[in-house]
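Residue numbers are given in the working numbering: position 57 of the sequence shown equals residue 59, and the series is strictly consecutive.
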Amino acid sequence: MAEIKIATLGSHSALQILKGAKEEGFETIVVCRKHQVKPYKMFGVADKIIEINNFSDFWKTEKQLIDENAVLVPHGTLAAYTDVDEIKKSKLMYFGSKDILKWEVSRTKQQHWLKKAGLRQPKIFKRPEDIDRSVIVKFYGAEGGKGYFLANSKEDFDKKIQAHKGKRYILQEYIIGVPVYNHYFQSPMLDRLELMGFDKRYESNVDSLGRISARDQIALKSVDPSYVITGNIPLVVRESFLSEAIDIGENIVKSSQKLAKRGMFGPFCAETIITPEKEIFTFEVSARIVAGTNPYIPTSPYSYMLWDEQMSTGKRIAREIKLAIENNELNKVLG
Ligand code: AMP
Numbered sequence: 003m004a005e006i007k008i009a010t011l012g013s014h015s016a017l018q019i020l021k022g023a024k025e026e027g028f029e030t031i032v033v034c035r036k037h038q039v040k041p042y043k044m045f046g047v048a049d050k051i052i053e054i055n056n057f058s059d060f061w062k063t064e065k066q067l068i069d070e071n072a073v074l075v076p077h078g079t080l081a082a083y084t085d086v087d088e089i090k091k092s093k094l095m096y097f098g099s100k101d102i103l104k105w106e107v108s109r110t111k112q113q114h115w116l117k118k119a120g121l122r123q124p125k126i127f128k129r130p131e132d133i134d135r136s137v138i139v140k141f142y143g144a145e146g147g148k149g150y151f152l153a154n155s156k157e158d159f160d161k162k163i164q165a166h167k168g169k170r171y172i173l174q175e176y177i178i179g180v181p182v183y184n185h186y187f188q189s190p191m192l193d194r195l196e197l198m199g200f201d202k203r204y205e206s207n208v209d210s211l212g213r214i215s216a217r218d219q220i221a222l223k224s225v226d227p228s229y230v231i232t233g234n235i236p237l238v239v240r241e242s243f244l245s246e247a248i249d250i251g252e253n254i255v256k257s258s259q260k261l262a263k264r265g266m267f268g269p270f271c272a273e274t275i276i277t278p279e280k281e282i283f284t285f286e287v288s289a290r291i292v293a294g295t296n297p298y299i300p301t302s303p304y305s306y307m308l309w310d311e312q313m314s315t316g317k318r319i320a321r322e323i324k325l326a327i328e329n330n331e332l333n334k335v336l337g
């Protein structure tokens with residue numbers, strides 16, 4: 003077999019994926035929008051840069067990537083801008099499970115998955131009439147928290163939804179606590195779960211509202227919190243939370259195995275909120291590398307302890323592919 007290369011779309015966590023692949027000795031390819039090539043050139047992580055105009059042109063490069071013998075490592079941008087069906091029918095080698103995608107993209111299916119995993123979840127309200135506490139109104143599609151708003155009653159909801167006519171949404175109980183994002187890696191080659199790290203997100207404008215006094219917030223009248231992600235901040239959690247964090251990861255993997263062939267494998271993330279009572283609510287799962295792992299180039303404290311060497315999630319992905327190639331079991335890590 004010709005040398006396997008590692009390819010990804012130039013966005014999200016591509017620098018980390020490509021850097022990790024190079025550290026493991028792979029040649030790398032990035033498919034990148036013309037106006038976004040600078041970082042991939044500057045940091046020297048890509049052996050080849052294929053330029054496209056828009057993310058939606060990504061699949062036009064499929065044949066070229068197949069000819070290069072590339073394994074595609076997916077991330078959030080690929081999931082957000084391309085269709086699950088397109089991913090499923092593609093003949094390009096794909097790292098991770100394709101079968102779990104349909105459980106991830108649908109919010110209702112995802113709630114079912116988390117419920118099956120026995121995790122504590124925020125309550126979902128079916129109709130605005132049922133709102134009896136603060137809820138967060140979330141729209142479908144990964145637009146990075148854009149437009150989400152809080153509502154305390156049906157009347158409040160009716161007023162605020164005016165600006166979002168026609169969009170599909172869910173009404174989720176708003177949990178007062180701190181958001182913590184848990185990163186994991188489920189390894190088919192070593193048959194184990196690895197806790198990779200944690201992050202918190204830096205969201206605009208919700209993370210800056212606290213810098214304005216309540217008096218000024220009231221004076222601003224029209225300011226509503228929004229949750230547009232602008233960056234990720236590394237986090238080490240209280241050690242007594244680790245046991246439950248590991249349980250959460252294990253339970254998500256276990257239930258995925260009942261839902262999809264071979265279950266979910268590779269990197270994934272549980273999005274949680276921890277309350278002052280130390281209850282952990284899991285409100286979402288991402289079945290692939292999340293941008294919250296980006297601060298951990300070259301390593302997180304947890305992956306360093308596990309491996310006794312520096313290990314980013316990008317490098318961990320490449321290591322898994324390398325182990326699979328060495329064992330002649332590449333299919334085990336491809337979806
Ligand atoms: P999401 O797009 O679902 O990841 O949510 C974006 C952001 O909204 C999160 O990072 C949290 O800051 C916040 N958030 C989401 N769901 C909840 C919830 N149920 N309770 C409190 N905050 C939430």
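From the three backbone atoms N, C-alpha and C, an ideal C-beta is built for every residue, glycine too. The model shown is predicted, which means the values in this text are computed figures rather than measured ones.
Within the stretch 156-243, the runs of alpha helix (DSSP H) at least 4 residues long that lie entirely inside it are, in chain order, 156-163, 216-222. For the alpha helix (DSSP H) assignment, the uninterrupted runs of no fewer than 4 residues enclosed by the stretch 311-336 are, from N- to C-terminal side, 315-328. Less than 8 Å divides the Cβ of residue 198 from the Cβ of residue 305. Residue side-chain check: residue 140 places its Cβ nearer than 7 Å to a non-hydrogen atom of the ligand AMP.
In the DSSP assignment, residue 74 falls outside any alpha helix (DSSP H) and within the unbroken beta strand (DSSP E) covering 72-74. Taking 7 Å as the cut-off, one finds no heavy atom of the ligand AMP near enough to the beta carbon of residue 76. Taking every protein chain shown into account, the CB of residue 33 has 16 or more other CB atoms within 10 angstroms, so this residue is buried.
Ranked by Cα distance from residue 278, the options 215, 119, 181, 310 are led by 181.
In the displayed model, residue 307 falls within a helix according to three-state DSSP. Each residue's CA atom was taken as its position, placing residue 91 and residue 195 some 29 Å apart. In terms of side-chain proximity, the C-beta atom of residue 174 is found nearer than 7 Å to a non-hydrogen atom of the ligand AMP. Your pair residue 257 and residue 119 checks out as a contact, with CB atoms roughly 4 Å apart and the cut at 8 Å. Within 7 Å of the C-beta of residue 200 there is not a single heavy atom belonging to the ligand AMP. Here the stretch 231-238 makes no contact with the stretch 257-274; the two share fewer than three CB pairs at distances below 8 Å. In terms of Cβ geometry, residue 122 and residue 270 do not form a close pair [threshold 8 Å]. With fewer than 16 other Cβ atoms inside 10 Å of its own Cβ, residue 193 counts as exposed.
Nearest to residue 94 by alpha-carbon distance, out of 111, 63, 114, is 63. Between residue 220 and residue 15, the C-beta spacing is not below 8 Å. DSSP places residue 94 in the coil class of the three-state scheme, outside both helix and strand. C-alpha of residue 65 to C-alpha of residue 325: approximately 26 Å in a straight line. Residue 37 has no beta-bridge partner at all, per DSSP.
By the neighbour-count criterion, in which 16 or more other beta carbons inside 10 Å mark a residue as buried, residue 80 falls on the buried side. Within the chosen limit of 7 Å, the ligand AMP does not reach the beta carbon of residue 319 with any heavy atom. In this structure, 229 is the residue among 310, 229, 328 with its C-alpha nearest to the C-alpha of residue 149.
The beta-carbon separation of residue 327 and residue 314, rounded to 20 Å, does not stay under the 8 Å limit for a contact. Here residue 71 is not near residue 31, since their CB atoms are 8 Å or more apart. Nearest to residue 28 by C-alpha distance, out of 137, 44, 8, is 8. According to the DSSP assignment, residue 153 belongs to the beta strand (DSSP E) that extends over 151-153. Remark: C-beta atoms of residue 38 and residue 22 do not approach each other more closely than 8 Å. Spatial neighbours of residue 287 in its own chain (CB-CB distance under 8 Å, excluding positions within 5 residues in sequence) are listed in chain order as 106, 112, 115, 116, 254, 270, 271, 272, 273.
Distances from the CB of residue 254 to the heavy atoms of the ligand AMP are all 7 Å or more.
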